[in-house]
Amino acid sequence: MAKLRPPCGRKRGVLQPCGEYVAAKRLGGSGMIDLKLVQKQPEVLEKALKARCSDLSVEEFLQLDGRRRALLTEVENLKSRRNAASAEVAAQKRAGGDAAALLEELGQLSDRIKELDAQAAQARSEVETWLLRVPNLPHASVPVGRDEQENVEIFRKGHIPVFDFAPREHGDIGTALGGLDFVRAARLAGSRFALSLGWAARLERALSNFFLDQHTGHGGYVEVSPPYMVNRASMTGTGQLPKFEEDLFGLRDWEYYLIPTAEVPLTNLHADEVLAEDDLPRAYCASTPCFRSEAGSAGRDTRGLIRMHQFTKVEMVRFAHPDDSFNQLDLMLDHACRLLELLELPFRVITLCTGDMGFSAAKTHDVEVWMPAQNTYREISSCSNCTDFQARRANIRFRPKGGKTVWVHTLNGSGLPTGRATAAILENFQQKDGSVRLPKVLAPYMGGLEVIEPA
RNA sequence: GGAGAGGUAGCGAAGCGGCCGUAACGCGCUCGACUCGAAAUCGAGUUAGGGGUUAACAGCUCCUACGUGGGUUCGAAUCCCACUCUCUCCGCCA
Numbered sequence: 079m080a081k082l083r084p085p086c087g088r089k090r091g092v093l094q095p096c097g098e099y100v101a102a103k104r105l106g107g108s109g110m111i112d113l114k115l116v117q118k119q120p121e122v123l124e125k126a127l128k129a130r131c132s133d134l135s136v137e138e139f140l141q142l143d144g145r146r147r148a149l150l151t152e153v154e155n156l157k158s159r160r161n162a163a164s165a166e167v168a169a170q171k172r173a174g175g176d177a178a179a180l181l182e183e184l185g186q187l188s189d190r191i192k193e194l195d196a197q198a199a200q201a202r203s204e205v206e207t208w209l210l211r212v213p214n215l216p217h218a219s220v221p222v223g224r225d226e227q228e229n230v231e232i233f234r235k236g237h238i239p240v241f242d243f244a245p246r247e248h249g250d251i252g253t254a255l256g257g258l259d260f261v262r263a264a265r266l267a268g269s270r271f272a273l274s275l276g277w278a279a280r281l282e283r284a285l286s287n288f289f290l291d292q293h294t295g296h297g298g299y300v301e302v303s304p305p306y307m308v309n310r311a312s313m314t315g316t317g318q319l320p321k322f323e324e325d326l327f328g329l330r331d332w333e334y335y336l337i338p339t340a341e342v343p344l345t346n347l348h349a350d351e352v353l354a355e356d357d358l359p360r361a362y363c364a365s366t367p368c369f370r371s372e373a374g375s376a377g378r379d380t381r382g383l384i385r386m387h388q389f390t391k392v393e394m395v396r397f398a399h400p401d402d403s404f405n406q407l408d409l410m411l412d413h414a415c416r417l418l419e420l421l422e423l424p425f426r427v428i429t430l431c432t433g434d435m436g437f438s439a440a441k442t443h444d445v446e447v448w449m450p451a452q453n454t455y456r457e458i459s460s461c462s463n464c465t466d467f468q469a470r471r472a473n474i475r476f477r478p479k480g481g482k483t484v485w486v487h488t489l490n491g492s493g494l495p496t497g498r499a500t501a502a503i504l505e506n507f508q509q510k511d512g513s514v515r516l517p518k519v520l521a522p523y524m525g526g527l528e529v530i531e532p533a
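Just so we're aligned: the first sequence equals residues 79 to 533 in this note's numbering.
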């Protein structure tokens with residue numbers, strides 16, 4: 079079964095076939111945060127890490143890196159001598175001489191180099207492991223804050239519905255209408271799984287198709303149908319690994335992971351490529367299942383469709399020129415908001431503070447939809463500019479006209495997850511008699527169905 | 001699953017133990033010449049990472065990298081082993 083070994087090494091050499099981190103070929107180049115920056119301006123990183131409430135020690139890094147450099151200097155001097163002496167051997171042999179004495183010395187030198195090389199590789203690997211765990215630096219415009227309490231609301235849109243009855247939870251509504259079956263889903267798989275039937279299954283397909291149609295039409299995104307499981311290099315490229323392995327589902331005998339979001343395959347679509355400047359910006363979207371272990375969220379959102387081990391989501395990914403990436407972020411945010419407007423759902427947009435942002439993001443806007451049963455806004459989309467963070471890890475560059483290659487900026491945003499969208503529709507459009515009205519834009523996708531009636 | 005071919009810079013491709021990794025040659029790209037301008041042509045330039053030195057991402061200097069990892073050797077793109085990906089043919093299969 080496990081005969082076909084997992085492919086996870088990639089050309090850039092950050093990884094070796096069995097998933098262990100080894101010396102990078104291009105330390106400080108592709109693969110991680112800017113090494114030079116850390117070395118020369120450790121205080122910048124220190125400040126950023128503090129803002130993110132990270133416990134990584136820059137001090138520790140400086141020690142590791144110092145050791146690495148000391149070893150390198152030593153071994154490189156020896157190599158330099160070896161190279162010169164080897165050339166001498168060649169010259170003597172060409173002249174018909176006997177190079178025995180030199181060869182004797184070189185043999186010892188070679189052994190010493192082998193020893194030091196191993197030590198240097200080890201030191202390099204330690205430095206790299208540290209760097210791979212450093213989150214992206216927050217953009218200057220991001221509010222500094224500890225947690226979600228300090229996120230900043232930007233604007234609200236839409237009308238919060240007023241009910242002359244107690245609004246019910248979407249899980250109950252969907253179950254009562256025969257579309258959702260959490261009992262059987264639990265029997266089939268376990269908790270945090272859902273099963274939809276009839277109108278609900280069709281609604282999931284309808285939402286997916288509606289979102290994709292909007293993106294490929296209005297938004298100019300290229301639709302992609304990517305792999306739903308990827309190798310370790312891809313997961314490292316977008317930042318899920320090595321730090322967040324426990325959040326992922328992996329296969330037992332194969333070095334593959336189920337994607338937690340289509341951001342992973344879509345962003346890695348151009349891994350190890352050099353794009354032309356004219357290729358930017360580039361936009362992709364995909365509807366895929368997403369798999370998340372939800373480790374650490376035990377007890378949260380245990381009812382309904384909000385937090386699942388498997389859910390379907392349409393994702394947007396953009397590759398942008400560094401000078402243009404924050405414009406692209408605004409654009410992508412618009413695309414997400416537009417879907418909610420078309421679905422007639424009330425929402426608000428917030429900017430995440432430094433302490434609440436994801437690992438790879440330099441700036442993130444969350445879109446939160448109104449959920450009547452909880453009487454609050456809940457996240458339905460998250461749009462992030464990852465600047466060059468993922469591009470470094472996945473080695474995605476572009477070539478400015480006539481210039482040297484530069485890291486692209488990558489962005490990703492949900493647009494939208496079908497489960498949470500369904501939840502919002504059920505709750506916001508529920509009616510006193512137990513029926514649920516559907517947004518008008520979905521009618522063509524629902525075979526003309528406008529209201530879901532109790533059986 | 002069987003057999004074979006291959007992975008070298010932005011792309012194509014040569015090299016198959018030291019004179020070939022600032023990697024032949026071609027394309028592309030940059031600059032210049034020619035031109036009123038352009039095309040064509042001609043000329044020059046054009047890999048990346050790291051160490052040292054440094055105010056410097058400037059220069060100078062050294063090291064490393066020919067799919068990945070390991071081995072042989074004073075010395076490996078070149079020889080050996082394992083792995084991986086791509087392509088062709090055969091077999092099997094939705």
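Heads up, the beta-carbon is just placed ideally off N, CA and C, and yes, glycines get one too.
Asked                                                                                                                                                                     : Found
Give the secondary structure of Ala165 by DSSP, where H, G and I count as helix, E and B as strand, and everything else as coil.                                          : helix
Please classify Pro450 as buried or exposed, where buried requires at least 16 neighbouring CB atoms within 10 angstroms.                                                 : buried
Could you compute how far the alpha carbon of Ala198 sits from the alpha carbon of Asp143?                                                                                : 11 angstroms
Pull up the distance between the alpha-carbon of Phe437 and that of Arg515, whole angstroms please.                                                                       : 39 angstroms
Across the segment 473 to 480 and the segment 493 to 510, are there enough close Cβ pairs to call them in contact, namely three or more that are closer than 8 angstroms? : no
Can the beta-carbon of Phe467 be found less than 9 angstroms from the beta-carbon of Gly257?                                                                              : no
Going by DSSP, what residue range makes up the beta strand (DSSP E) through Asp203?                                                                                       : Checking the sequence shown, residue 203 turns out to be Ser, not Asp. No beta strand (DSSP E) holds Ser203; the alpha helix (DSSP H) holding it covers 178 to 210.
Note down, in chain order, each residue of its chain lying with its Cβ closer than 6 angstroms to the Cβ of Glu419, except the 5 sequence neighbours on either side.      : none
If you run the structure through DSSP and keep just helix, strand and coil, what is Pro84?                                                                                : Unreliable positioning characterises Pro84 in this predicted model, as indicated by a pLDDT of 34, which lies under 50. A coordinate reading is not provided.
Can the beta-carbon of Gly252 be found closer than 9 angstroms to that of Pro424?                                                                                         : no
Within this structure, are the beta carbons of Arg130 and Pro245 separated by less than 9 angstroms?                                                                      : no
Thinking just about the alpha-carbon of each residue, which of Glu206, Leu290, Asn309, Leu140 is nearest to the one in His413?                                            : Leu290
Please state whether DSSP places Trp448 in a helix, a strand or coil.                                                                                                     : strand
Measure from the alpha carbon of Asp402 to the alpha carbon of each residue in Thr429, Ala373, Pro359, Met410, then state which is nearest.                               : Pro359
By the three-class DSSP mapping on this structure, what secondary structure does Gln406 have?                                                                             : helix
Can you give me the C-alpha to C-alpha distance between Ala173 and Ala165, rounded to a whole angstrom?                                                                   : 12 angstroms
Rounded to whole angstroms, what is the Cα-Cα separation between Gln170 and Leu181?                                                                                       : 11 angstroms
Just how far apart, CA to CA, sit Leu194 and Gly433?                                                                                                                      : 41 angstroms
Just to confirm the assignment: which complete alpha helix (DSSP H) runs, minimum length 4, are found wholly within the segment 109 to 169?                               : 113 to 118, 120 to 129
Considering only the beta carbon of each residue, do Met435 and Gly491 sit closer than 9 angstroms?                                                                       : no
Give me whichever residues DSSP pairs with Val352 in a beta bridge.                                                                                                       : Arg475
Would you list the residues sitting across from Arg396 in a DSSP beta bridge?                                                                                             : Ala361, Leu489
Do you know whose CA, among Arg202, Thr488, Val519, lies nearest Asn346's CA?                                                                                             : Thr488
Would you list, in sequence order, the uninterrupted beta strand (DSSP E) runs of no fewer than 3 residues that lie entirely inside the segment 226 to 258?               : 230 to 235
Using three-state DSSP, classify Tyr523 as helix, strand or coil.                                                                                                         : helix
Who are the Cβ neighbours of Pro221 in its own chain at under 6 angstroms, not counting the five residues just before and after it?                                       : Val230, Cys431
Can you list, in chain order, the residues of its chain whose CB lies under 7 angstroms from that of Ala267, leaving out five sequence neighbours each side?              : none
Could you please give the first and the last residue of the uninterrupted beta strand (DSSP E) stretch that includes Leu336?                                              : 334 to 336
Taking the CB atoms as reference points, tell me whether Cys461 and Leu407 lie closer together than 9 angstroms.                                                          : yes
Candidates Asp350, Phe233, Thr366: which alpha carbon is nearest Pro304's?                                                                                                : Thr366
Within 8 angstroms, do at least three Cβ pairs link the segment 267 to 279 to the segment 328 to 341?                                                                     : no
Tell me the rounded alpha-carbon separation between Ile232 and His443.                                                                                                    : 9 angstroms
Please classify Leu336: is it buried, with 16 or more other beta-carbons within 10 angstroms of its beta-carbon, or exposed?                                              : buried
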